[in-house]
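Each remark here refers to the structure printed beneath this line.
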Amino acid sequence: MGKYKEILKELNDNNVGLVLVSKTKPKEVIEDFYNLGQKDFGENRVQELVSKYEVLPKDIKWHHIGHLQKNKVKYIAPFIHLIHAVDDIKLLKEINKRAIQNNRILDVLLQIKIAKEDSKFGLSKDDCIALIDEYEISKMENIRIRGLMGMATFTYDMEIVREEFKKLKEFFNFLKDKYFKDEELFSEISMGMSGDYQIAIEEGATMVRIGTLILGNR
Ligand SMILES: *Cc1c(COP(=O)(O)O)cnc(C)c1O
Numbered sequence: 005m006g007k008y009k010e011i012l013k014e015l016n017d018n019n020v021g022l023v024l025v026s027k028t029k030p031k032e033v034i035e036d037f038y039n040l041g042q043k044d045f046g047e048n049r050v051q052e053l054v055s056k057y058e059v060l061p062k063d064i065k066w067h068h069i070g071h072l073q074k075n076k077v078k079y080i081a082p083f084i085h086l087i088h089a090v091d092d093i094k095l096l097k098e099i100n101k102r103a104i105q106n107n108r109i110l111d112v113l114l115q116i117k118i119a120k121e122d123s124k125f126g127l128s129k130d131d132c133i134a135l136i137d138e139y140e141i142s143k144m145e146n147i148r149i150r151g152l153m154g155m156a157t158f159t160y161d162m163e164i165v166r167e168e169f170k171k172l173k174e175f176f177n178f179l180k181d182k183y184f185k186d187e188e189l190f191s192e193i194s195m196g197m198s199g200d201y202q203i204a205i206e207e208g209a210t211m212v213r214i215g216t217l218i219l220g221n222r
């Protein structure tokens with residue numbers, strides 16, 4: 005809890021939001037942090053997310069943070085607060101369809117590939133631009149693109165991490181200027197995890213996704 009308060013203060017001072025990544029942790033752990041005032045929690049497995057949603061307070065803001073399979077969107081569409089990792093137009097179309105069915109507007113971030121490793125999911129810049137073009141043409145009115153998400157290379161070399169975060173911020177600025185100039189809603193950059201969140205803050209993150217540093221090893 006001490007670590008949580010310390011990190012929260014640091015984030016508050018910089019106007020950065022905390023998504024507390026609770027994947028694999030039992031619901032009691034989430035309740036403890038909820039009782040301290042934490043409302044935003046991140047999960048990457050749909051089944052786990054749904055079962056936690058069902059038993060925990062309904063004002064929790066649930067974030068889906070990892071790769072999302074198209075056929076699972078329907079399970080989270082009724083309640084999800086933000087989907088962080090859209091990297092495919094077909095996925096976006098499915099989210100729009102399920103949003104309509106649930107009579108909701110769904111907020112998403114586009115995941116951009118910034119890391120060197122090719123194991124990571126995410127859109128290249130060109131693919132991201134193509135996706136936004138198609139999004140505009142096909143008028144997905146139940147989707148709001150709120151910004152970008154990225155994951156840096158898993159390395160101890162913090163200069164590499166910093167460069168990758170810088171690239172994400174620059175690309176965000178480019179998109180903002182070209183496509184979302186008049187849309188205040190395009191305003192979020194989700195980057196930074198336990199090992200690199202301080203660099204992410206320095207490079208312009210608006211929200212960080214932290215698990216182990218606060219909750220211990222999974
Ligand atoms: C697990 C996970 C995190 C949190 O990682 P920690 O190293 O535990 O802080 C952040 N983002 C995504 C996409 C994750 O899957």
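Per this note's numbering, the sequence shown starts with residue 5, numbered consecutively. The beta-carbon is built from N, C-alpha and C at its ideal position, and this holds for glycine as well. No experiment lies behind these values; they were computed from the predicted model shown.
According to DSSP, residues forming a beta bridge with residue i
i: Leu-86; result: His-67
i: Gly-297; result: Because residue 297 is not part of the residues shown, which for the chain are 5 to 222, the question remains open.
i: Ile-116; result: Leu-127, Gly-154
i: Gly-46; result: Val-25, His-67
i: Leu-110; result: Ile-147
Heavy atom of ligand 1 within 7 Å of residue i beta-carbon
i: Ser-198; result: yes
i: Leu-86; result: no
i: Met-195; result: no
i: Asn-48; result: yes
i: Met-162; result: no
i: Leu-217; result: yes
i: Val-25; result: yes
i: Gly-154; result: no
i: Ile-203; result: no
i: Ile-69; result: yes
i: Ile-214; result: yes
Whole-angstrom C-beta distance between residue j and residue i, which should lie under 8 Å
i: Ile-147; j: Leu-96; result: 6 Å
i: Gly-46; j: Arg-213; result: 5 Å
i: Met-162; j: Asn-100; result: No, Met-162 and Asn-100 are not in contact; Cβ-Cβ is about 38 Å, not under 8 Å.
i: Val-54; j: Ile-80; result: 7 Å
i: Val-112; j: Ile-69; result: Actually they do not touch by this definition, with Cβ atoms about 12 Å apart.
i: Ile-87; j: Ile-218; result: Not a contact, Cβ separation roughly 22 Å.
i: Ile-203; j: Val-165; result: 6 Å
heavy atom of ligand 2 below 7 Å from residue i C-beta
i: Ser-128; result: As far as ligands go, the structure on display features ligand 1 and does not contain ligand 2.
Measuring CB atoms only, is the stretch 203-217 touching the stretch 94-108, in the sense that at least three cross pairs come out at less than 8 Å? No: the two stretches stay apart, fewer than three of their Cβ pairs being nearer than 8 Å.
So does the stretch 150-160 actually touch the stretch 191-198, counting three or more Cβ pairs closer than 8 Å? Contact between the stretch 150-160 and the stretch 191-198 is present, because at least three Cβ pairs lie under 8 Å.
Three or more C-beta pairs closer than 8 Å, one from the stretch 74-82 and one from the stretch 115-131: is that the case here? The stretch 74-82 makes no contact with the stretch 115-131, as fewer than three CB pairs between them are under 8 Å.
Threshold first: 4 residues or longer. Then list the alpha helix (DSSP H) segments lying entirely within the stretch 140-215, N to C. Here the runs fully enclosed are 162-182, 201-206.
Decide if the stretch 215-222 is in contact with the stretch 19-31; the criterion is three or more beta carbon pairs, one per stretch, under 8 Å apart. Touching, yes, given that three or more Cβ pairs across the two stretches are closer than 8 Å.
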